[in-house]
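Report on one structure; see the data block that follows.
In the numbering used here, the protein residues as written are 32 to 717.
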């Protein structure tokens with residue numbers, strides 16, 4: 032039976048008729064004539080990563096821990112890695128992670144860091160097809176009931192190094208040595224015994240280019256590189272620009288590791304990065320050989336995400352060929368992405384510019400919109416737009432400051448000053464002048480906080496552009512334009528925003544979100560939140576502490592009507608260098624499914640229902656695709672996103688454990704890629 036439930040879903044701030052819904056790959060972006068993948072997944076810095084088959088479909092999925100603490104899941108579907116939000120909503124990852132079937136039950140469990148360089152153990156209490164993790168041990172103890180230690184800055188490995196059919200624990204130390212915990216339990220029940228901090232007498236002393244020898248944090252990977260049926264080691268060191276190769280000249284039962292090379296591979300494609308490289312060996316193309324993947328943990332602002340080497344011959348030193356330095360191939364400009372939209376070529380659609388943080392110079396990226404008003408399509412044009420660059424970081428702002436019909440450009444600099452570039456071309460063919468430092472009405476250089484973020488906006492409705500600044504100090508500064516639309520004159524106003532303080536790294540954006548004729552103010556901050564301010568009696572007052580959140584860090588909002596539907600959509604830059612996209616939607620018609628045997632494409636059931644501690648949600652899907660599964664209350668407020676990402680056709684199960692909600696009626700809501708909603712009622716009893 033089919034029902035239709037007519038409801039209005041309110042946004043997170045109860046602004047009626049507005050809702051922002053996250054989307055990942057609904058706008059096409061191209062680079063070098065190739066479509067980018069997972070465009071709005073948000074980016075990644077210093078990826079610590081692992082390939083495993085988490086859902087039992089015989090292909091490799093990818094999991095990444097970003098240096099800002101964001102944990103990312105990419106599920107393999109038809110040899111494409113599809114970003115899936117909240118795939119492990121219950122799993123808490125800290126410092127590092129490693130998936131391993133430690134209890135021999137044919138599914139992957141997880142170890143991760145805990146306080147004081149200790150370990151946490153999360154058991155998979157689901158199965159190989161539907162993982163469900165529960166914290167079982169924190170800290171993990173050894174056979175003497177003492178905590179097991181692994182330095183939080185290094186990446187340990189679980190490997191059967193003595194060929195006794197269980198997984199041992201091996202971890203590098205900042206001293207350049209290796210700690211070994213032997214698993215003296217069984218394949219089904221692990222028990223670790225500390226053996227030594229100087230396993231195999233290994234001592235690695237890193238040497239970066241033009242530096243003296245040092246030793247530091249490390250990232251180890253084990254694999255049979257020379258095809259002699261025992262484990263060799265690839266070693267990434269904090270003070271090495273490449274990898275070390277240690278060959279196992281012993282046996283599978285009694286390893287004897289010896290350093291053979293301090294670069295890898297030994298050919299023209301040798302790894303050479305800023306340092307602290309993390310290797311992973313994995314047979315991704317199922318050809319029976321181990322391919323090599325490498326990430327860089329030292330420098331966050333580099334363009335490389337994961338570097339991919341193909342195995343081309345059996346030579347253990349030289350048998351790898353570089354295929355790409357950007358395995359993820361997505362929208363990621365390095366670090367601290369600052370997006371702004373403007374129709375720079377007067378063709379009727381908004382183009383995208385992204386400011387960046389890089390060492391030594393931040394630059395401005397340009398993506399031209401070559402689509403239509405209702406269907407944008409972006410093409411990468413330049414990473415050094417108009418040759419604009421500045422020390423460390425730049426923050427762009429466009430506006431017609433001289434009212435000549437084209438867009439001029441402000442660039443916020445790292446040390447708090449602002450460059451102005453006058454557009455001396457036309458609205459269809461830009462040509463920017465050499466920069467000058469922006470000055471106030473007294474002739475003084477305008478200077479605010481470090482990492483200054485400028486915005487041009489008519490704050491007082493007098494038909495000219497005023498200047499609002501955010502920055503590292505977490506506050507805002509207003510400069511009123513007391514000149515005219517043709518000849519700006521910025522006068523400092525210290526009182527207008529004096530009550531606003533969002534902590535650190537304030538990034539303002541203005542938009543009339545609720546269509547009441549007044550500009551609302553969204554401010555991003557260093558914590559990765561967006562705070563909402565509304566005008567009351569002429570002043571901006573905080574209305575929502577976390578309008579949206581969990582962007583990792585340094586959130587930078589930008590609002591634009593990207594699809595020409597009459598409302599402004601939300602794009603958010605962040606410390607990871609990517610962009611989050613939230614489309615502004617209003618959904619009023621909801622298709623209501625109440626049976627797992629629903630005759631349409633979706634069936635939803637749960638057990639138990641009513642429920643107390645938690646409930647298992649079963650989906651039956653006729654079609655594979657992108658889905659969003661969430662819990663709503665009877666007011667239409669979203670309480671929790673359970674899963675957002677690709678789901679294969681068939682039966683899929685999820686677990687929902689309520690927290691901080693009262694007893695009552697709720698809805699499990701599934702949204703498909705066509706924006707159809709399927710709703711299943713549930714009852715929660717405390």
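Cβ coordinates follow ideal geometry from the N, Cα and C atoms, glycine included.
Own chain residues within Cβ distance below 8 Å of residue i, not counting five before or after
i	result
residue 681	651 and 652
residue 548	none
residue 91	82, 83, 84, 107, 313 and 315
residue 638	646, 647 and 649
residue 559	99, 580, 581, 582, 583, 584, 585, 586, 605 and 606
residue 58	70, 71, 407, 408, 409, 593 and 612
residue 698	662, 663, 664, 665, 710, 711, 712 and 713
Local Cβ density within 10 Å of residue i, reported as buried at 16 or more and exposed below that
i	result
residue 710	buried
residue 721	With the chain covering only 32 through 717, there is no way to say anything about residue 721.
residue 690	exposed
residue 415	exposed
residue 624	Model confidence at residue 624 stands at a pLDDT of 43, short of 50, so the residue's coordinates are unreliable and nothing is read from them.
residue 367	buried
residue 572	exposed
residue 654	exposed
residue 73	buried
residue 350	buried
residue 626	Its pLDDT being 37, under 50, residue 626 is placed unreliably by the model, and nothing is read from it.
residue 405	exposed
residue 272	buried
residue 498	buried
residue 641	exposed
residue 692	exposed
residue 717	exposed
residue 425	buried
residue 630	In this prediction, residue 630 scores a pLDDT of 41, lower than 50, which makes its location untrustworthy; the coordinate-derived value is nonetheless stated afterwards. Label assigned to residue 630: exposed.
residue 21	The question about residue 21 has no answer, for the chain in this structure spans 32 to 717.
residue 167	exposed
residue 508	buried
residue 628	Note that residue 628 scores a pLDDT of 37, beneath 50, so its modelled location is shaky; the value from the coordinates is reported in the next line. By the 10 Å Cβ count, residue 628 comes out exposed.
residue 219	exposed
residue 52	buried
residue 182	buried
Close Cβ partners of residue i (< 6 Å) along its chain, the five nearest in sequence each way excluded
i	result
residue 390	332
residue 419	395
residue 398	383, 409 and 411
residue 291	276 and 278
residue 466	450 and 452
residue 671	662
Contact under 7 Å by Cβ, residue i with residue j
i	j	result
residue 555	residue 588	yes
residue 263	residue 285	no
residue 743	residue 300	With the chain running from 32 to 717 in the structure shown, residue 743 is simply not present.
residue 128	residue 139	no
residue 363	residue 608	yes
residue 603	residue 582	yes
residue 222	residue 215	yes
residue 501	residue 484	yes
residue 494	residue 516	yes
residue 445	residue 454	no
residue 663	residue 700	yes
residue 322	residue 305	no
residue 68	residue 339	no
residue 185	residue 249	yes
residue 379	residue 334	no
Integer Cβ distance of residue i from residue j, believed to fall under 8 Å
i	j	result
residue 673	residue 117	7 Å
residue 267	residue 274	6 Å
residue 78	residue 337	6 Å
residue 451	residue 439	7 Å
residue 20	residue 75	The requested residue 20 does not occur in the structure, where the chain is confined to residues 32 to 717.
residue 385	residue 375	Their Cβ separation, rounded to whole angstroms, is 13 Å, which puts residue 385 and residue 375 out of contact at 8 Å.
Beta carbon proximity, residue i to chain B, threshold 7 Å
i	result
residue 461	No chain B appears in this structure, which consists of one protein chain only.
Sequence-distant residues of its chain with Cβ nearer than 7 Å to residue i (five each side left out)
i	result
residue 132	138, 139 and 140
residue 14	Past the edges of the chain, shown from 32 to 717, lies residue 14, and the structure says nothing about it.
residue 62	411
residue 191	197, 198 and 199
Task: Unbroken stretches of the beta strand (DSSP E), 3 residues or longer, contained in the segment 538-595 - done: 538-542, 551-555, 561-567, 570-579 and 587-591
Open item on the list: Please give me, in chain order, every unbroken run of the alpha helix (DSSP H) with length at least 4 that falls completely inside the segment 323-411.
Closed with: none
- [ ] Tell me the start and end of each unbroken beta strand (DSSP E) in the segment 192-273 that is at least 3 residues and wholly inside, in chain order.
- [x] 199-203, 209-214, 223-227, 249-254 and 263-268
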